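K.L.:
Input: one structure, supplied below.
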Amino acid sequence: MLALQDVHTYYGKSHILHGVSIDVRPGEVVGLLGRNGVGKSTTLKTIMGLVRPAQGRVVFDNHDVGGMPPYRVARIGIGYVPEDRRIFRLLTVLENLRTGLDRHGLNEARREQLLEKVYTNFPVLRERRNQAGGTLSGGEQQMLAIARAMMLEPKVILLDEPTEGLMPRMVGQIHQIIKVLHAEGVAILLVEQNVPLTLEVSDRVYIMEKGVVRHHAPAAELRANHAVIHQYLGI
Amino acid sequence: MDAFLIQTLNGIVNGMILALVASGLTLIFGIMDVVNFAHGELFMLGAYAGVVWLAITGNFWAALLAAAVTIAVLSAVLQVVALRPLLGRDPLYTILGTFGISLVLQNYALWQFGPVPRKLTEPLTGHFRFFYLEYPYYRIVMALLSAAIIGALWAFLKYGKYGIWIRATTQDRVMAAAMGIPVPIVHTVVFAIGASMAAASGVLFGPLVGVTHAMGADWVLKAFVVVVVGGMGNLAGSILASIFISLLEAYASLIVSPAQAVIVAFVALIVTLLVRPTGLFVPTPK
Amino acid sequence: MPAARTDNRGYWIGFAVVLALLFVAPLVLPEFWRRFTTEILIWGLLAMSSDILIGYTGMVSFGHSAFFGLGMYGAAAALLTVRPPNLWLALLYGLVAAAVIAAFVAFFSTRLREIYFAITTLVFSQIFYVIIFTWTEVTGGENGLTFRQPALGVPGLFAIPFTPVTLHWFVLAVVTISYLLLRRITQSPFGMVLQSIRENEPRTRAIGYAVERYKIVAVMLSGLFAGLAGVLYAVQNKFAAPDFVFFLISGEVVIFNVLGGMGTLVGPVAGAAFFLLLREGFSRFFTEYYLIPVGIIFVLMVIFMPQGLLGVWRRQLNR
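Protein chains in written order, with this note's numbering: chain R, 2 to 236; chain W, 882 to 1167; chain V, 633 to 951.
Here you go:
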């Protein structure tokens, strides 16, 4: 459904991605592990159209999306939850959700439905719906960022380090959310530094190093084989 | 005493017009980081459009609306053709680009309409009487209408789906795009809105002076001062700053000639930059 | 490095050729074009001074009309108050006036970021415009001031009145010396720091350079040479007018910089020549509306050719 084929990306003169090939099948949870700076976030940004690939293809649902403007990428079904969450701090929680909810092709009833579903999954957002996004705690903002992406009813969600900067007990919450998304049939491409979480929730895992994919295996295999993890991530 | 009161009213009236011009400017700057040097020319072309439409329709208010729409369309085209390619580059280039556009527009107006000032007849004559004071009805209407337009803008931004899109794009255009908001189109629309506000100001202000090709230059400078004193991108601040500066100028012209009273605005800018560079009317960030 | 030296030689040969052409010009050109060439040189000097700020330090200034205008009025003051009119005194007064304003602007330059600095310089030049325009007793107001042209000489020793040709040579000499000086400065370690500020100010500061001091010097330098251009203009034309302090002049200067290529010193001179020629050319067809096609060309260049006419050779011109 979503595939990167030998993608090369540059930031100015820096060659960040040296031919990355990754794919995500419908409903799968795919993990992307690697040390800091290997190009994991850049991979997500390339998919989202925030950076243009210099070479290679990004294919989603048989469309070539490399070079598509980000707002079109979002509209064809890819959701994005960036590092640092980046919710709209001056908009209320409800307004944040509405940036996705107010799109074409939804009638009022459907909107109510989606909103209800999100409030049920994230009760704290219902409580704080008229509060400005910037007043929420780190964990609440993360929930809002994910809920906001869900408003687009995407086929795949790109999650960039959702547990970063969160207290350890929040990690369990993130785990729960990923399970809920998975149950809905939404595919997830998860970039993370938190290895145990990633291995638990993912079906398959890619490990990146210096802008290329070095290893690729089903999560079950990696759970059993600690040596590989140790080799690439030093843990 | 009379003179003082009259000048207070003049200050408020001019302040509201300036606020209308400055709000458009600050809206554009807030969302696209574009310092629109051509804003004064949009004001001026709005006034000319008002003259033309008034001749066609015979009705001032219809002309006001038609002029605002005409300029909105023109500026949307301008933004797509000349400014979109410049977004994302060094801000110097948008300053230069809008400066170039202002030169072209100003001389185009000179070419089309000639150097003789045009008259834009006011829709209301007559004076309002308050005790022994007399003040033209039209000026009061000008101020009220400007306030109404700004109020409408504020309401539009605060409620409604497109208001949310605009505010989201202003805060974080990358994430707005990631939410499916068509950011390039939002930019064009906001530019058109800002331009139409400048145009409306031009039409409203037109009857007070003659409409000439150079009338925008003064206003754009003052609008820049307002945007800095009021805080870049701060709508409420721009309005307060506009009235503040216009009042100062109105009082100053009791003492010096109007041509010199303009310096007051500039001094306000310098004081602001020395004392409180984020803007005099911006609440201290916590 | 042999390659660099050949390049440099090519540059100096080109330079010598252009200089020779400019020297010969007033002898062969008709009156109108003679004056035109002299004016190109003066505006070129003004544009060069602006390039120090825009092209080398990365600070956009719309205030050069103030420096230029004050140089002009300063010279006027000397030429009107001291008899007989003395060229060197005019130079002195003009440069001092420009320096005072430059000091003001320099102060603000250290505290303001790009757009705020640009707007402030714009506002400054307008303040001076209004003062000059309205203070009729001193500045002649709208009509400006007229005065006699000083002679070239040393008071008491000799005085040779200028002819249009010798005046051109004098201007050429001043502009050439200014260019060589500015070139020396921009190639020096000081100039390198300025360029580093343009590329990445926070990093330059982090490395340990007192960015503020460099900016102040850059502004003073820029202001002085702009004032010098103003003095030359006053001497050539024998009048000073408020029109030259209006911010549109600053705008035109920025146009010269962009058209010709920022950060090259000669680029802005070429830009001035290009603009003035365009203006001459278009005036024939469009009379006073020449700014419409010229403005359109300018916008097109900003979009499609932002490096300017000579910008492609920026690196070579800075060797």
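The beta-carbon is built from N, C-alpha and C at its ideal position, and this holds for glycine as well. Here the structure is a predicted model, which is why all the values come from computation and not from measurement.
Does the structure place the segment 1124-1144 of chain W close enough to the segment 1050-1063 of chain W that three or more beta carbon pairs sit under 8 Å?
P.N.:
The segment 1050-1063 of chain W, when compared against the segment 1124-1144 of chain W, does not touch it at the 8 Å Cβ threshold.
K.L.:
What is the rounded straight-line gap between the Cα of TYR11 of chain R and the Cα of GLY40 of chain R?
P.N.:
Answer to the nearest angstrom: the Cα atoms are 10 Å apart.
K.L.:
Name, please, each residue of chain B whose Cβ falls closer than 8 Å to the Cβ of PHE765 of chain V.
P.N.:
As a matter of chain content, chain B is missing from the structure shown, whose protein chains are R, W and V.
K.L.:
List, in order along the chain, the chain V residues whose C-beta lies closer than 8 Å to that of ASN895 of chain W?
P.N.:
Under the 8 Å cutoff, chain V gives no residues; its nearest Cβ is about 18 Å from ASN895 of chain W.
K.L.:
Check whether the Cβ of PHE1105 of chain W lies closer than 8 Å to any Cβ atom in chain V.
P.N.:
Taking Cβ atoms only, chain V reaches closer than 8 Å to PHE1105 of chain W, which makes this a yes.
K.L.:
Roughly how many angstroms lie between the CA atoms of PHE736 of chain V and GLU671 of chain V, to the nearest whole one?
P.N.:
Each residue's Cα considered, the two are about 28 Å apart.
K.L.:
In the DSSP assignment, what residue or residues form a beta bridge with GLY32 of chain R?
P.N.:
Per DSSP, R:LEU191, R:VAL206.
K.L.:
Is the distance from the Cβ of LEU1001 of chain W to the Cβ of VAL1092 of chain W below 8 Å?
P.N.:
Yes, these two residues count as a Cβ contact at 8 Å.
K.L.:
Could you check which residue in V:ALA902, V:THR795, V:ALA648, V:LEU651 has the C-alpha nearest to that of GLU663 of chain V?
P.N.:
The shortest C-alpha separation from GLU663 of chain V is found at V:THR795.
K.L.:
Within the continuous beta strand (DSSP E) that includes GLU109 of chain R, where are the two ends?
P.N.:
Here GLU109 of chain R belongs to no beta strand (DSSP E); instead the alpha helix (DSSP H) covers 109-122.
K.L.:
Residues of chain R with a CB under 8 Å from the CB of LYS1042 of chain W: which are they?
P.N.:
Simply ARG99, ASP103.
K.L.:
Note the first and the last residue of the continuous alpha helix (DSSP H) segment covering HIS920 of chain W.
P.N.:
920-938 is the extent of the alpha helix (DSSP H) around HIS920 of chain W.
K.L.:
From the beta carbon of TYR12 of chain R, is the nearest beta carbon of chain W less than 8 Å away?
P.N.:
Answer no: the Cβ-Cβ gap between TYR12 of chain R and chain W never drops below 8 Å.
K.L.:
Taking ALA963 of chain W as the query, report the chain V residues whose CB atoms sit under 8 Å from its CB, ordered along the chain.
P.N.:
By Cβ distance, chain V contributes VAL931, ILE935.
K.L.:
Can you find a C-beta in chain R that's less than 8 Å from the C-beta of GLY1061 of chain W?
P.N.:
True, the Cβ-Cβ gap to chain R drops below 8 Å.
K.L.:
Quick check for students: name the residue ranges of the beta strand (DSSP E) that lie wholly in the segment 781-865 of chain V, counting only runs of 3 or more.
P.N.:
Within the segment 781-865 of chain V, the complete beta strand (DSSP E) runs of at least 3 residues are 784-786, 790-792.
K.L.:
Can you give the beta carbon distance from ALA948 of chain W to VAL1084 of chain W, rounded, assuming they're within the 8 Å contact cut?
P.N.:
At roughly 5 Å, the Cβ-Cβ gap stays under 8 Å, so ALA948 of chain W and VAL1084 of chain W are in contact.
K.L.:
Using three-state DSSP, classify VAL926 of chain V as helix, strand or coil.
P.N.:
Note: VAL926 of chain V maps to helix in three-state DSSP.
K.L.:
State the start and end residues of the unbroken alpha helix (DSSP H) segment that holds THR766 of chain V.
P.N.:
Start and end: 746-766.
K.L.:
Could you say which of R:THR121, R:HIS9, R:GLU210 lies nearest to VAL59 of chain R if we only look at CA atoms?
P.N.:
Measuring from the Cα of VAL59 of chain R, the nearest candidate turns out to be R:HIS9.
K.L.:
Measure the Cβ-Cβ separation of GLY35 of chain R and MET209 of chain R and say whether it is below 8 Å.
P.N.:
Cβ atoms of GLY35 of chain R and MET209 of chain R: closer than 8 Å.
K.L.:
Can you give me the C-alpha to C-alpha distance between ARG26 of chain R and LEU182 of chain R, rounded to a whole angstrom?
P.N.:
The straight-line gap from Cα to Cα measures roughly 15 Å.
K.L.:
Across which residues does DSSP place HIS216 of chain R in a beta bridge pair?
P.N.:
R:ILE208.
K.L.:
I need the straight-line Cα distance from VAL52 of chain R to LEU677 of chain V, nearest angstrom please.
P.N.:
Taking the straight line from one Cα to the other gives about 42 Å.
K.L.:
Would DSSP call VAL1095 of chain W helix, strand or coil?
P.N.:
A small fix is needed here, since residue 1095 of chain W is Ala in this sequence, not Val. DSSP places ALA1095 of chain W in coil when its eight states are reduced to three.
K.L.:
Quick one, which residues of the segment 885-918 of chain W are near chain V if we go by CB-CB under 7 Å, in chain order?
P.N.:
Residues VAL916.
K.L.:
Counting Cβ pairs, one atom from each stretch, are 3 or more of them under 8 Å apart for the segment 922-931 of chain W and the segment 988-995 of chain W?
P.N.:
Yes: the two stretches touch, three or more of their Cβ pairs being nearer than 8 Å.
K.L.:
So, under 8 Å CB-CB, GLY862 of chain V and GLY703 of chain V are touching, yes? Tell me the CB distance rounded to an integer number of Å.
P.N.:
So it is a contact: roughly 3 Å between Cβ atoms.
K.L.:
What do you reckon, are the CB atoms on MET49 of chain R and LEU167 of chain R nearer than 8 Å?
P.N.:
No, the Cβ-Cβ distance between MET49 of chain R and LEU167 of chain R is not below 8 Å.
K.L.:
DSSP three-state call for PHE984 of chain V: helix, strand or coil?
P.N.:
With chain V running from 633 to 951 in the structure shown, residue 984 of chain V is simply not present.
K.L.:
In chain order, what residues of the same chain lie with their CB nearer than 7 Å to the CB of GLY1007 of chain W, ignoring the 5 residues before and after it?
P.N.:
Excluding sequence neighbours, GLY1007 of chain W sits near TYR1018.
K.L.:
Shorter than 8 Å from the beta carbon of PHE123 of chain R to some beta carbon of chain W?
P.N.:
With 8 Å as the cut-off, PHE123 of chain R does not count as an interface residue toward chain W.
K.L.:
With 16 as the cutoff for other CB atoms within 10 Å, does HIS1094 of chain W come out buried or exposed?
P.N.:
Classification of HIS1094 of chain W: buried, given that the 10 Å Cβ count is 16 or more.
K.L.:
Of all the CB atoms in chain W, is at least one closer than 8 Å to the CB of ILE163 of chain R?
P.N.:
For the sequence presented, residue 163 of chain R should be read as Pro rather than Ile. Not an interface residue.
K.L.:
Using Cβ-Cβ distances below 7 Å, what residues of the segment 986-1007 of chain W are close to chain V?
P.N.:
Residues ASN988, TYR989, LEU991, TRP992.
K.L.:
Beta-carbon of MET49 of chain R versus every beta-carbon of chain W: anything under 8 Å?
P.N.:
By this cut-off, MET49 of chain R is an interface position.
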